[in-house]
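With the working numbering applied, the sequence shown covers 80 to 284.
All C-beta atoms in this analysis are idealised placements derived from N, C-alpha and C, irrespective of residue type, glycine included.
Everything numeric in this text was worked out from a predicted model, so none of it was measured.
A short write-up of the structure that comes next.
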Amino acid sequence: MMLSSHSSCSILLALSFLFSRAQGERVVMAYRTASQAEAEYISETGMPFIDLEEYDFMPVQLGTGLYTSNKPARWRATAEEWYCVIEADSKKLEEINKIWIPQTVPGREESLWYDQDEALLDYIESVLLADPWRALRFSYVSKYESELVMNIPIDAVNNNKVLDLSAKCWKTADELSEYKIVNWLEWDITGAPERVPVPVPAPES
């Protein structure tokens with residue numbers, strides 16, 4: 080049986096509505112200062128990128144992942160770096176697990192910050208039951224007590240089904256003048272931020 084053009088249009092409109100309900104709007108979730116190579120990759124693909132070689136010599140507070148700020152152009156770029164904006168699907172961003180990573184936890188002498196990925200995952204798994212390796216990780220920056228940092232784990236970056244991430248970069252901070260601070264404190268994040276974090280020096284590489 081052949082469908083009339085009117086019926087076909089109705090079906091297409093219905094499918095379009097269902098698809099739009101399944102997909103959220105594009106929202107800014109974070110900002111980042113990126114290397115020249117990372118910015119070039121973003122320019123070509125429109126997607127964020129993790130350079131794992133960075134972690135061979137750079138200590139990281141919340142494990143391996145994409146480190147971001149909630150403030151546009153918060154960290155000043157060098158001559159070779161760019162200012163980037165990271166966006167996500169709003170529905171997927173709302174649904175993904177998020178967790179505050181404390182500096183210390185009961186029963187553990189060592190700081191959780193700057194520890195190995197396995198230790199961080201063990202803690203996250205003890206608090207969250209679902210997909211601990213994908214949970215967005217939050218804390219204060221250890222050397223800048225008033226600043227927040229979010230780590231987007233590797234799986235959430237590389238698997239586009241998780242957040243449907245996109246990114247774009249600019250050479251100057253002025254080009255981000257229309258962007259606003261993202262209020263992470265309003266998000267539904269498991270745990271609580273430490274109000275007065277104790278400064279922790281990053282271990283020597």
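In its own chain, leaving out the 5 sequence neighbours on each side, no residue places its CB closer than 6 Å to the CB of R153. The C-beta distance from K150 to V241 rounds to 24 Å, too long to meet the 8 Å contact threshold.
The straight-line gap separating the alpha-carbon atoms of T112 and R155 is approximately 7 Å. Residue nearest to L255 within the set K177, A109, S218 is A109 (criterion: CA-CA distance). Looking from the CA of L200, the closest CA among R216, Y223, P185, E188 belongs to R216. Shortest Cα-Cα distance from P232 to any of L145, W263, E119, S114 involves L145. Within the segment 130-199, the complete alpha helix (DSSP H) runs of at least 4 residues fall at 169-174. For L242, no beta strand (DSSP E) run applies; the uninterrupted alpha helix (DSSP H) run containing it begins and ends at 239-242, by DSSP. By the Cβ rule, the segment 159-168 counts as touching the segment 113-126, because three or more pairs are nearer than 8 Å. For E117, there is no enclosing beta strand (DSSP E); the residue is part of the alpha helix (DSSP H) that begins and ends at 115-124.
Taking 9 Å as the cut-off, the Cβ atoms of W179 and T269 count as close. Residue burial is scored here from C-beta neighbours: Y223 has fewer than 16 other C-beta atoms within 10 angstroms and is therefore classed as exposed.
Just measuring C-alpha positions, the residue of Y219, D196, A235 sitting nearest G142 is D196. When the beta-carbon positions are compared, W263 and L227 come within less than 9 Å of each other.
Of the candidates W266, T124, G103, W266 places its Cα closest to the Cα of M229.
Contact between A246 and I129 fails: their C-beta atoms lie close to 12 Å from each other, not under 8 Å. Contact annotation, A235 with I165: C-beta distance approximately 11 Å; criterion of less than 8 Å not satisfied. Residue environment: T147 is assigned as buried (16 or more neighbouring CB atoms within 10 Å of its CB, all protein chains considered). Between E104 and S190, the beta carbon gap of about 38 Å keeps them out of contact (Cβ cut-off 8 Å). Annotation for V261: V107, M108, A109, N149 place their beta carbon closer than 7 Å to its own, counting only its chain and skipping 5 residues before and after. DSSP places V206 within a helical segment (H, G or I) once states are collapsed to three.
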